[in-house]
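This note's numbering applies: residue 1 is where the sequence shown begins, and numbers increase by one.
Quick reminder that beta carbons are idealized off the backbone N, C-alpha and C, glycines included.
Note that the structure is predicted; figures quoted are calculated from it, not measured.
One structure below.
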Amino acid sequence: MKRQPKLALRVNHDNPNHHLWNNRGVWWCHLTVHKPDATAERLRFSLKTRDVEQARERRDKIFQDIAEHYEIAA
């Protein structure tokens, strides 16, 4: 059986901005994918918004979409 990459998501429920950072006014998201060959890949991408509420919604939608393709390693 081929091993699937695992998405590392450690959600801090006390921090509504987990996995987000603001770079010069634009919100970005970052996460890590752990691969079967013991390597890891950091993913960082712009959420293309200056609004933190919209950034959270976009992050949550992205996490939901990614979770359908990867096993989650919490």
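Point to revise | E75, DSSP secondary structure in three states | key: Residue numbering for the chain in the displayed model covers 1 to 74; residue 75 lies beyond these limits and cannot be assessed.
**Study point:** Unbroken beta strand (DSSP E) run spanning H30, endpoints
**Key:** 26 to 34
Point to revise | Local Cβ density within 10 Å of H30, reported as buried at 16 or more and exposed below that | key: exposed
Point to revise | Whole-angstrom distance between P16 and I66, CA atom to CA atom | key: 19 Å
Review point. Should W27 go down as buried or exposed, given a rule of 16 or more other Cβ atoms within 10 Å for buried?
Key: buried
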